[in-house]
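Q:
In our numbering, the protein residues as written are -14 to 82.
(1) What would DSSP say about residue 20, mapped onto helix, strand or coil?
(2) Roughly how far, in whole angstroms, is the beta-carbon of residue -1 from the beta-carbon of residue 69, given that I think they are within contact range, below 8 Å?
(3) Residue 27 and residue -12 look like a contact to me (Cβ under 8 Å); what is the Cβ gap, rounded to whole Å?
(4) Where does residue 11 land, buried or exposed, given buried means 16+ other C-beta within 10 angstroms?
(5) Following the continuous alpha helix (DSSP H) through residue 77, name the residue where it begins and the one where it ends.
This is the structure:
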């Protein structure tokens, strides 16, 4: 993950500012997080994820027009987060999907 990407997520996505009041607090939390004893490290350069076009098309066909929120649940969302999600949906798609 690149620091610029972390900044974009912090500024434009649903990062809970009560838990992470600053970008640095968010970046520090990510840098301290580990999965299966492997730590996350914010890189200075882009990371390439070589996914074949065939796989991308297959995934897009499978998930287009699917509300993943209904599948994986949104019980953790606050009303403020829900409003933000709906606002982003309207900005991107012009309607709630």
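Even for Gly, the Cβ is constructed at its ideal location relative to N, Cα and C.
A: Reading from the atomic positions:
(1) Working through the chain shown from its first residue, we reach residue 20 at position 35. Residue 20: strand per DSSP, three-state reduction.
(2) For the purposes of this step, residue -1 is taken as the residue at position 14 of the chain shown. For the purposes of this step, residue 69 is taken as the residue at position 84 of the chain shown. With a Cβ gap of about 6 Å, residue -1 and residue 69 count as contacting.
(3) Here the question's residue 27 lines up with position 42 in the chain shown. Here the question's residue -12 lines up with position 3 in the chain shown. The pair is a contact, with the Cβ atoms about 5 Å apart (cut-off 8 Å).
(4) By 1-based counting over the chain shown, the position of residue 11 is 26. Buried is the call here.
(5) Stepping through the chain shown from its first residue, residue 77 is reached at position 92. That run of the alpha helix (DSSP H) goes 64 to 78.
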